[in-house]
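Asks: What follows is a single structure, and I will ask about it in a moment.
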Amino acid sequence: MEGGMAAHRQLPTPAPTLGRPSPSFRLRTESLNTLRLRRVFDLFDDNADGEITVKEIALALDRLGLAADPAELSSTVAAYIPPGHAGLAFDDFEALHRALGDALFGAPNATGEEEEAAEEEVEEDMREAFRVFDEDGDGFISAAELQAVLSKLGLPEGRSIARVREMICSVDQNSDGQVDFGEFKHMMQGITVWSA
10 MEGGMAAHRQ LPTPAPTLGR PSPSFRLRTE SLNTLRLRRV FDLFDDNADG EITVKEIALA
70 LDRLGLAADP AELSSTVAAY IPPGHAGLAF DDFEALHRAL GDALFGAPNA TGEEEEAAEE
130 EVEEDMREAF RVFDEDGDGF ISAAELQAVL SKLGLPEGRS IARVREMICS VDQNSDGQVD
190 FGEFKHMMQG ITVWSA
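Under the working numbering, the letters of the sequence shown match residues 10 to 205, in that order.
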């Protein structure tokens, strides 16, 4: 495992930003990032063996309605799987996650044009994520839609419509009983998992 981890340590650590916040999904608190990333890891680890394989990642993405090209997914993930292992341990997953965050959203010290392009990419990614939850395409996430997605993911919150309604209420700023894109975006900016 040590040999595989050495390659991960060569990744540059993003420098902290000053002034305007980074246009990425990064949280300011690393411990919260790690906690949320651990939940994602556990969700992907379908057989709970402490490693996630390419097959398990593909299954989780499929459950979310985000089909991925198996060959492309395999080539991306394989570089982070240590020799002699079938999948990614949490540390490997965290390194992959960090590298993907930097590749998708850019380093935090981007120029004005790069920041604008990154913000547009983030906006489009958020819209795509919103569409996963907005199953009927009406521009709102209802409690029933959220419950359906949580159930597909096998999350215990999906078993209780009362719990799902509580989740909706926690982000429903205009108290209409559903989540619009603005509310979803505000929530995502506060809780997403890209690690700093």
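Backbone N, C-alpha and C fix where the C-beta goes; we use that ideal spot for every residue, glycine too.
Only a predicted model underlies this, so the values are computations on that prediction, with no experimental measurement involved.
Just mark Leu-44 as buried or exposed, buried being the case when its beta carbon has 16 or more other beta carbons within 10 Å.
Replies: Exposed, because fewer than 16 other Cβ atoms sit within 10 Å of the Cβ of Leu-44.
Asks: Short of 7 Å in beta carbon distance, which residues of its chain neighbour Leu-82, apart from the five on each side in sequence? Order them along the chain.
Replies: Counting only Cβ-Cβ distances below 7 Å, and skipping sequence neighbours, we find Val-63, Ile-66 and Ala-67.
Asks: Looking only at its own chain, which residues have a Cβ that is under 6 Å from the Cβ of Asp-189, when we skip the five neighbours before and after it?
Replies: The answer, listed in chain order, is Phe-149.
Asks: Can you tell me which of Glu-60, Ala-152 and Glu-129 puts its alpha carbon nearest to the alpha carbon of Gly-93?
Replies: Per the Cα distances, Glu-60.
Asks: Anyone know if the C-beta pair for Gly-167 and Gln-156 falls short of 7 Å?
Replies: The answer is yes: Cβ separation under 7 Å.
Asks: Within the same chain, show all residues whose beta-carbon is closer than 6 Å to that of Leu-159, passing over the 5 residues directly before and after it, in chain order.
Replies: Cβ within range, chain order: Glu-166 and Gly-167.
Asks: Just to confirm the assignment, what range does the alpha helix (DSSP H) spanning Ala-69 have?
Replies: Taken as a continuous stretch (DSSP letters only), the alpha helix (DSSP H) holding Ala-69 covers 63-72.
Asks: Counting along the chain, where does the alpha helix (DSSP H) carrying Leu-159 start and finish?
Replies: Unbroken alpha helix (DSSP H) run through Leu-159: 152-161.
Asks: So what does Leu-97 bridge to, in DSSP terms?
Replies: Ile-61.
Asks: Under a Cβ-count criterion, where at least 16 other Cβ atoms within 10 Å of its own Cβ denotes burial, should Ala-95 be classed as buried or exposed?
Replies: It is exposed - the Cβ of Ala-95 has fewer than 16 other Cβ atoms within 10 Å.
Asks: Based on the DSSP secondary-structure assignment, which residues constitute the bridge partners of Phe-149?
Replies: Phe-149 pairs with Asp-189.
Asks: Return helix, strand or coil for Pro-79, following the three-state DSSP convention.
Replies: In the structure shown, Pro-79 sits in a helix (DSSP, three-state: H, G or I).
Asks: Can you look up Phe-34 in the DSSP assignment and give me helix, strand or coil?
Replies: Low per-residue confidence applies at Phe-34: pLDDT is 44, beneath 50, and the placement is therefore not dependable, though the value from the model is reported in the following sentence. In the structure shown, Phe-34 sits in coil (DSSP, three-state: anything other than H, G, I, E or B).
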